[in-house]
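Taking the working numbering, the leading residue of the sequence shown gets 14, the next gets one more, and so forth.
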Amino acid sequence: TVETGPESVHLSADVVLGADGSQEQLFDEVGGPLLRAGLAGYSGCLIAFGESGSGKTYSMVGTREEPGALPRLVEALLQEAGGLQTGSSVGTVSGVATEPTPQSSVAGGDLR
């Protein structure tokens with residue numbers, strides 16, 4: 014539950030990993046199932062949400078030694094695409110990155 018003044022917003026998550034969670038565990042728990050669902054025709058979304066410095070970019074991008082969710086997703090997608098017929102389509106991949114500013118809020122403020 015997130016308190017936004019007099020009201021509360023209730024959020025849920027499919028998976029929550031602790032500080033000891035690894036990049037591999039993140040992909041196994043979230044990225045792999047998301048990719049398989051996408052290849053089966055379902056829409057999906059992977060969101061990293063948290064305070065500045067909480068590890069969102071690390072979780073999504075990672076490092077050269079420990080790639081994050083996005084490089085692992087791309088690698089797995091390209092491996093899957095290797096088994097597709099020439100000219101076939103897997104789907105559309107898109108992404109957005111935004112950083113909350115003092116002008117934005119959980120309640121839907123202006124993101125600049």
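The C-beta atom is built at its ideal place from N, Cα and C for all residues, glycine as well.
Computed from a predicted model, the values in this text were never measured in an experiment.
TODO: Tell whether a beta-carbon distance below 7 Å holds between MET73 and LEU86.
DONE: Taking the first residue of the sequence shown as 1, we reach residue 73 at position 60. Taking the first residue of the sequence shown as 1, we reach residue 86 at position 73. MET73 places its beta carbon 7 Å or farther from that of LEU86.
TODO: Identify which residue in GLY51, GLY68, ILE60 has its Cα closest to the Cα of ALA94.
DONE: Taking the first residue of the sequence shown as position 1, residue 94 is located at position 81. Considering only GLY51, GLY68, ILE60, the residue with the shortest C-alpha distance to ALA94 is GLY51.
Open item on the list: For PRO80, list the residues DSSP reports as bridge partners.
Closed with: Sequence index remark: in the sequence shown, residue 80 carries index 67 (1-based). The beta-bridge partner set that DSSP reports for PRO80 consists of GLY75.
Open item on the list: Need the endpoints of the alpha helix (DSSP H) that GLY45 sits in, please.
Closed with: Start at 1 with the first residue of the sequence shown, and residue 45 comes out as number 32. Counting along the chain, the alpha helix (DSSP H) containing GLY45 begins and ends at 45-52.
TODO: Counting only the same chain and skipping the five closest in sequence on each side, list residues whose C-beta sits under 7 Å from that of LEU47.
DONE: The residue you call residue 47 lines up with position 34 of the sequence shown. Take LEU47, set aside five residues on each side of it, and the residues of its chain with a beta-carbon closer than 7 Å to its own are GLY57, LEU59, in chain order.
Task: DSSP-derived helix/strand/coil call for SER35 - done: Within the sequence shown, residue 35 is the residue found at index 22, counting from 1. Note: SER35 maps to coil in three-state DSSP.
TODO: Under the assumption that GLY63 contacts LYS69 (Cβ atoms under 8 Å), give the Cβ distance between them as a whole number of angstroms.
DONE: Along the sequence shown, one-based indexing puts residue 63 at 50. Along the sequence shown, one-based indexing puts residue 69 at 56. A Cβ-Cβ distance of about 6 Å is found for the pair GLY63 and LYS69, placing them in contact under the 8 Å criterion.
Task: Neighbour-count burial assignment, LEU30, 16 or more Cβ in a 10 Å radius - done: In the sequence shown, the residue the question calls residue 30 occupies position 17. Exposed, because fewer than 16 other Cβ atoms sit within 10 Å of the Cβ of LEU30.
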